[in-house]
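A.B. asks: Can you keep this structure in mind? I'll have questions shortly.
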Amino acid sequence: MNFQNYYILSDMRFVFASLLLLSFTFSKGQNAAEKWADSVYHSLSKEQRIAQLMVVRLSSIDKSNKISYFDQQVADLVKKYNIGGVLVFQGGPHKQADMINSLNKIAKTPIMFSVDGEWGLSQRIYDSVLPLPKQMMLGAMADSTILYEYGKIVAAQCRRLGIHLNYAPVVDVNNNPGNPVINDRSFGENKFKVAAFAVQYMKGMQDNGILACAKHFPGHGDVTVDSHHDLPVINKSMAQLYETELYPFQRIFAEGVGSVMIAHLYIPAIDATANVATSVSKKAVTDLLRNEMGYHGLSFTDALEMQGVQKYFPKGQASVASLIAGNDVLCLPGDVPAAIADIKAAIKAKQLSWYQIEERCKKLLRAKYHYVWKHTNEIDKTNITADLNLGVAEMRRKVAENAITLLAKKDNVFFPLHTKDKIAYVGVGLKAPNAFAKGLKDANNADLYYLNLSGNNANQLNELKSKLLNNYQQVVIGIHNINRTPANNFGIGKETA
0 MNFQNYYILS
10 DMRFVFASLL
20 LLSFTFSKGQ
30 NAAEKWADSV
40 YHSLSKEQRI
50 AQLMVVRLSS
60 IDKSNKISYF
70 DQQVADLVKK
80 YNIGGVLVFQ
90 GGPHKQADMI
100 NSLNKIAKTP
110 IMFSVDGEWG
120 LSQRIYDSVL
130 PLPKQMMLGA
140 MADSTILYEY
150 GKIVAAQCRR
160 LGIHLNYAPV
170 VDVNNNPGNP
180 VINDRSFGEN
190 KFKVAAFAVQ
200 YMKGMQDNGI
210 LACAKHFPGH
220 GDVTVDSHHD
230 LPVINKSMAQ
240 LYETELYPFQ
250 RIFAEGVGSV
260 MIAHLYIPAI
270 DATANVATSV
280 SKKAVTDLLR
290 NEMGYHGLSF
300 TDALEMQGVQ
310 KYFPKGQASV
320 ASLIAGNDVL
330 CLPGDVPAAI
340 ADIKAAIKAK
350 QLSWYQIEER
360 CKKLLRAKYH
370 YVWKHTNEID
380 KTNITADLNL
390 GVAEMRRKVA
400 ENAITLLAKK
410 DNVFFPLHTK
420 DKIAYVGVGL
430 KAPNAFAKGL
440 KDANNADLYY
450 LNLSGNNANQ
460 LNELKSKLLN
470 NYQQVVIGIH
480 NINRTPANNF
490 GIGKETA
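According to numbering that gives the first Met the number 0, the sequence shown is numbered sequentially starting from 0.
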């Protein structure tokens, strides 16, 4: 026998056996999920099957930063309708843990707890958890693999608080500086970087037991209106959408993201029906997302309480239209009993069918089998705040080191600073020295000056300008505490700029 052929044959047998084992294992897991989902589904009433497809909020915050908790209202919905999902908003970790523990105890079917944690749980639990860097800062890095580590930290935070689904990453391309709602939540204007970084972040979470959600399909980057307040319009052709907005979604779908969130956008190239948002458009969800792009994971609507959809589909109409469009799960549908009644009426009118409810309910239950069912143990509050901050400081430093960007360099004019030169530091937006200013003063004997972001006296500005030009060889300007809106020049006043 030719030994080379023997080894090739042996290798092929090994590969075939491995693939067979992998296929058997995958099939076994799928069969278990199917059986569990089928069993749970048949234990539910018709109203409960509809309610499984709804996510309700656990708290809210008003303009004065007062938090209102809805634990009793949510508990009533869980008891009466066996609600499927709960979205965690503001509140300290101990309070959140208490509410989640209480709801888990009374739930007939495991609840899928979710959060908007784009930069970790600090997005909602900001009084106790250090914020991780936002996606724009992450996008300033060159190394996408750091995003996998970032995703692992976010996953650990979610698991520690009993959360199963994180509505992240944002996969929108930041291609409009006038965007009032996305901007620093995006990895940037480069579609390739957005895709690569989003995939790593997603894998960091899903490999560590947390369901990820790519948002906001089909792309919320090129707008000038906040969909929380009105319906944004994107006037682009399908070719343009595929060229930019849809590209990162194609990539992250191919890499196995478990869910997607559908935005409230009016895009005539997708659906020209007046005032019909993508979230309630069959052409957007069924035709484009499912049939054309081939994505069959869970689809969540963006919050149905937002004016981008509520303005034209009030009360339970948005819930009905979202399901007709092809969505699986309704986020924040508002009045749950009214929404259930409207959905039942739509089924009676043959706009929807019980078979469609069954399909989507079982689909959600299969996801619960993998991400929720075995992860509903009581949350131990011992050291919970410290645990939620594990690895955060180190990640913040790592990102800061890797995100530093030199925008211009000519003949080493900027760095390193020349120690023999007289140096001034102007902190725009500072009233007292921060760590950077102190470090510059200690290392380079720099003189420190401060300017308001806006409202500086013209005479004072001219005086400072003269002093800097006449007395210093090098001037370092730092801009601090700006707001997040490029459209308003980040809050920097005209005189200061």
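In this text, a Cβ means the ideal position worked out from N, Cα and C, and glycines have one as well.
Since this is a predicted model, take the numbers as computed values, not measurements.
Short check: CB of ALA213 to CB of VAL170, under 8 angstroms?
C.D. replies: Within the sequence shown, the letter at position 214 stands for residue 213. Within the sequence shown, the letter at position 171 stands for residue 170. In this structure, VAL170 lies closer than 8 angstroms to ALA213 by Cβ.
A.B. asks: Report, in whole angstroms, the separation of the C-beta atoms of ARG395 and LEU131, which I expect to be a contact under 8 angstroms.
C.D. replies: Translated into the one-based positions of the sequence shown, residue 395 becomes position 396. Translated into the one-based positions of the sequence shown, residue 131 becomes position 132. About 7 angstroms; that satisfies the 8 angstroms criterion.
A.B. asks: Given this structure, state the Cα-to-Cα distance separating SER44 from SER280, to the nearest angstrom.
C.D. replies: Numbered from 1 along the sequence shown, position 45 holds the residue referred to as residue 44. Numbered from 1 along the sequence shown, position 281 holds the residue referred to as residue 280. The alpha-carbon atoms of SER44 and SER280 are separated by roughly 28 angstroms.
A.B. asks: Sort ILE378, ASN488, PRO336 and ASN458 by Cα distance to LYS104 and report the nearest one.
C.D. replies: As a working mapping, residue 104 is identified with position 105 in the sequence shown. Minimum Cα distance to LYS104 is reached at ILE378.
A.B. asks: Let me confirm a value: THR375 is counted as buried when at least 16 other C-beta atoms fall within 10 Å, else exposed. Which label applies?
C.D. replies: In the sequence shown, counting from the first residue as 1, residue 375 sits at position 376. Buried: at least 16 other Cβ atoms inside 10 Å.
A.B. asks: Along the chain, where does the beta strand (DSSP E) that runs through SER113 open and close?
C.D. replies: Locating residue 113 in the sequence shown gives position 114, counting from the first residue. 111 to 114 is the extent of the beta strand (DSSP E) around SER113.
A.B. asks: So, at 6 angstroms on beta carbons, what are the nonlocal neighbours of ILE152 in its own chain, with the 5 sequence-adjacent residues on each side left out?
C.D. replies: Position 153 of the sequence shown holds residue 152. Excluding residues within five positions, the ones whose Cβ falls inside 6 angstroms are GLY390 and MET394.
A.B. asks: Out of VAL371, VAL319, LEU406 and GLY255, which has the shortest C-alpha to C-alpha gap to ALA348?
C.D. replies: If you number the sequence shown from 1, residue 348 lands on position 349. For ALA348, the nearest C-alpha among the options comes from VAL319.
A.B. asks: Do you know how far the Cα of VAL427 is from the Cα of GLY357?
C.D. replies: Position 358 of the sequence shown, counting from 1, holds the residue named residue 357. Position 428 of the sequence shown, counting from 1, holds the residue named residue 427. Inspection of the sequence shows that residue 357 is occupied by Glu rather than by Gly. Those two C-alpha atoms are separated by around 58 angstroms.
A.B. asks: Are the CB atoms of MET135 and GLY84 nearer to each other than 8 angstroms?
C.D. replies: The count along the sequence shown starts at 1 and reaches residue 135 at position 136. The count along the sequence shown starts at 1 and reaches residue 84 at position 85. No. Outside cutoff.
A.B. asks: With DSSP as the reference, identify every bridge partner of CYS212, one or two as the case may be.
C.D. replies: Along the sequence shown, read from residue 1 onward, the residue named residue 212 stands at position 213. Bridge partners of CYS212: SER258.
A.B. asks: Since LEU322 is in the alpha helix (DSSP H), which residue starts that stretch and which ends it?
C.D. replies: Along the sequence shown, read from residue 1 onward, the residue named residue 322 stands at position 323. First-last of the alpha helix (DSSP H) with LEU322: 316 to 324.
A.B. asks: So, for LEU351: in the same chain, excluding its five sequence neighbours on each side, which residues have a beta-carbon less than 8 angstroms away from its beta-carbon?
C.D. replies: As a working note, residue 351 is residue 352 in the sequence shown. So the qualifying residues of the chain are VAL319, LEU322, ILE323, ILE342 and ALA345.
A.B. asks: Excluding the five sequence neighbours on either side, which residues of its own chain have a C-beta within less than 6 angstroms of the C-beta of ASP229, listed in chain order?
C.D. replies: If you number the sequence shown from 1, residue 229 lands on position 230. The residues are GLN306.
A.B. asks: Can you grab the Cα-Cα spacing for the pair HIS369 / GLY257, in whole Å?
C.D. replies: For this step, residue 369 is matched to residue 370 along the sequence shown. For this step, residue 257 is matched to residue 258 along the sequence shown. Their backbone Cα atoms lie some 11 angstroms apart in a straight line.
A.B. asks: Compute the beta-carbon to beta-carbon distance between ASP327 and LYS362, rounded to the nearest angstrom, for a pair I have assumed lies under 8 angstroms.
C.D. replies: Against the sequence shown, residue 327 aligns to sequence position 328. Against the sequence shown, residue 362 aligns to sequence position 363. Going by Cβ atoms, the distance from ASP327 to LYS362 rounds to 6 angstroms, so yes, they are a contact pair.
A.B. asks: Express the C-alpha separation of GLY220 and VAL259 in angstroms, rounding to a whole number.
C.D. replies: Looking up residue 259 in the sequence shown gives position 260. Looking up residue 220 in the sequence shown gives position 221. Roughly 16 angstroms separates the two Cα atoms.
A.B. asks: How would you write the range of the alpha helix (DSSP H) that VAL180 sits in, first residue to last?
C.D. replies: Numbered from 1 along the sequence shown, position 181 holds the residue referred to as residue 180. Segment: none, VAL180 is in no alpha helix (DSSP H) and carries neither H nor E.
A.B. asks: Please report the Cβ distance between LEU52 and LEU329, rounded to the nearest whole angstrom; I am assuming they are in contact, meaning their Cβ atoms lie under 8 angstroms.
C.D. replies: Residue mapping note: residue 52 aligns to position 53 of the sequence shown, counting from 1. Residue mapping note: residue 329 aligns to position 330 of the sequence shown, counting from 1. With a Cβ gap of about 6 angstroms, LEU52 and LEU329 count as contacting.
A.B. asks: Which residues in the same chain as ASN175 place their Cβ atom closer than 8 angstroms to its Cβ, once the five residues preceding and following it in sequence are excluded?
C.D. replies: The residue you call residue 175 lines up with position 176 of the sequence shown. So the list reads GLY220, ASP221, VAL222 and THR223, once near-sequence residues are dropped.
A.B. asks: Kindly list the residues whose CB is nearer than 7 angstroms to the CB of PHE430, restricted to its own chain and excluding five residues on each side of it in sequence; keep chain order.
C.D. replies: Here residue 430 refers to the residue found at position 431 of the sequence shown. Inspection of the sequence shows that residue 430 is occupied by Lys rather than by Phe. Answer for LYS430: TYR449, listed in chain order.
A.B. asks: Using the C-alpha atoms, what's the distance from ASN458 back to LYS493?
C.D. replies: Walking along the sequence shown from the start, residue 493 turns up at place 494. Walking along the sequence shown from the start, residue 458 turns up at place 459. Distance between the alpha carbons of LYS493 and ASN458: 14 angstroms.
A.B. asks: Using only CA atoms, which one of ASN30, VAL39 and ALA317 lies nearest to LEU364?
C.D. replies: Numbered from 1 along the sequence shown, position 365 holds the residue referred to as residue 364. Measuring from the Cα of LEU364, the nearest candidate turns out to be VAL39.
A.B. asks: From the DSSP output, in three-state form, read off GLN473 for me.
C.D. replies: One-based indexing of the sequence shown puts residue 473 at position 474. Of the three classes helix, strand and coil, the one that applies to GLN473 here is strand, per DSSP.
A.B. asks: Checking 8 angstroms against the spacing of the C-beta atoms, do SER121 and VAL180 come in under that value?
C.D. replies: Position 122 of the sequence shown holds residue 121. Position 181 of the sequence shown holds residue 180. No, the Cβ-Cβ distance between SER121 and VAL180 is not below 8 angstroms.
A.B. asks: Could you check how far apart the C-beta atoms of ILE145 and ASN388 are, in whole angstroms? I think they sit under 8 angstroms.
C.D. replies: The residue given as residue 145 occupies position 146 in the sequence shown. The residue given as residue 388 occupies position 389 in the sequence shown. Wrong, their Cβ atoms sit about 19 angstroms apart, outside the cutoff.
A.B. asks: Note the first and the last residue of the continuous alpha helix (DSSP H) segment covering VAL77.
C.D. replies: For the purposes of this step, residue 77 is taken as the residue at position 78 of the sequence shown. From DSSP, the alpha helix (DSSP H) with VAL77 extends over 70 to 80.
A.B. asks: Could you tell me the alpha carbon to alpha carbon distance between ILE383 and VAL198, rounded to whole angstroms?
C.D. replies: As a working note, residue 383 is residue 384 in the sequence shown. As a working note, residue 198 is residue 199 in the sequence shown. Straight-line Cα distance between these residues: approximately 29 angstroms.
A.B. asks: Kindly indicate which residue of TRP35, ALA74 and LEU405 has the alpha-carbon position closest to the one of MET140.
C.D. replies: On the sequence shown, residue 140 is found 141 positions in, with the first residue counted as 1. Of TRP35, ALA74 and LEU405, the residue nearest in Cα terms is LEU405.
A.B. asks: If contacts are defined as beta-carbon pairs under 8 angstroms, then ASN480 and LEU452 qualify, I think. What distance do you get, rounded to the angstrom?
C.D. replies: Here residue 480 is taken as the residue at index 481 of the sequence shown, counted from 1. Here residue 452 is taken as the residue at index 453 of the sequence shown, counted from 1. So it is a contact: roughly 7 angstroms between Cβ atoms.
A.B. asks: So, is THR272 buried or exposed, given that buried needs 16 or more other C-beta atoms within 10 angstroms?
C.D. replies: Indexing the sequence shown from 1 puts residue 272 at position 273. The residue in question, THR272, is exposed, as its Cβ has fewer than 16 Cβ neighbours within 10 Å.
A.B. asks: Name, in chain order, the residues that DSSP records as bridge partners for ILE66.
C.D. replies: Position 67 of the sequence shown, counted from the start, is the residue given in the question as residue 66. Answer is ILE60.
A.B. asks: Unbroken beta strand (DSSP E) runs of length 3 or more, entirely within the region 219 to 282: which are they?
C.D. replies: Entirely contained in the region 219 to 282, the beta strand (DSSP E) runs reaching 3 residues are, in chain order, 258 to 261.
A.B. asks: My understanding is that PRO247 touches ALA194, with C-beta atoms under 8 angstroms, so please give their C-beta distance in whole angstroms.
C.D. replies: What you label residue 247 is simply residue 248 of the sequence shown in a count that begins at 1. What you label residue 194 is simply residue 195 of the sequence shown in a count that begins at 1. Rounded, the Cβ-Cβ distance is 4 angstroms, consistent with contact.
A.B. asks: Do you know how far the Cα of GLY91 is from the Cα of ASP97?
C.D. replies: Within the sequence shown, numbered from 1, the residue matching residue 97 stands at position 98. Within the sequence shown, numbered from 1, the residue matching residue 91 stands at position 92. Their Cα atoms are separated by approximately 10 angstroms.
A.B. asks: Write down the C-beta distance between ASN189 and ASN182 rounded to the nearest angstrom, noting that I regard them as a contact closer than 8 angstroms.
C.D. replies: The sequence position of residue 189 within the sequence shown is 190, counting from 1. The sequence position of residue 182 within the sequence shown is 183, counting from 1. In fact, because the Cβ distance is near 15 angstroms, the residues do not count as touching under 8 angstroms.
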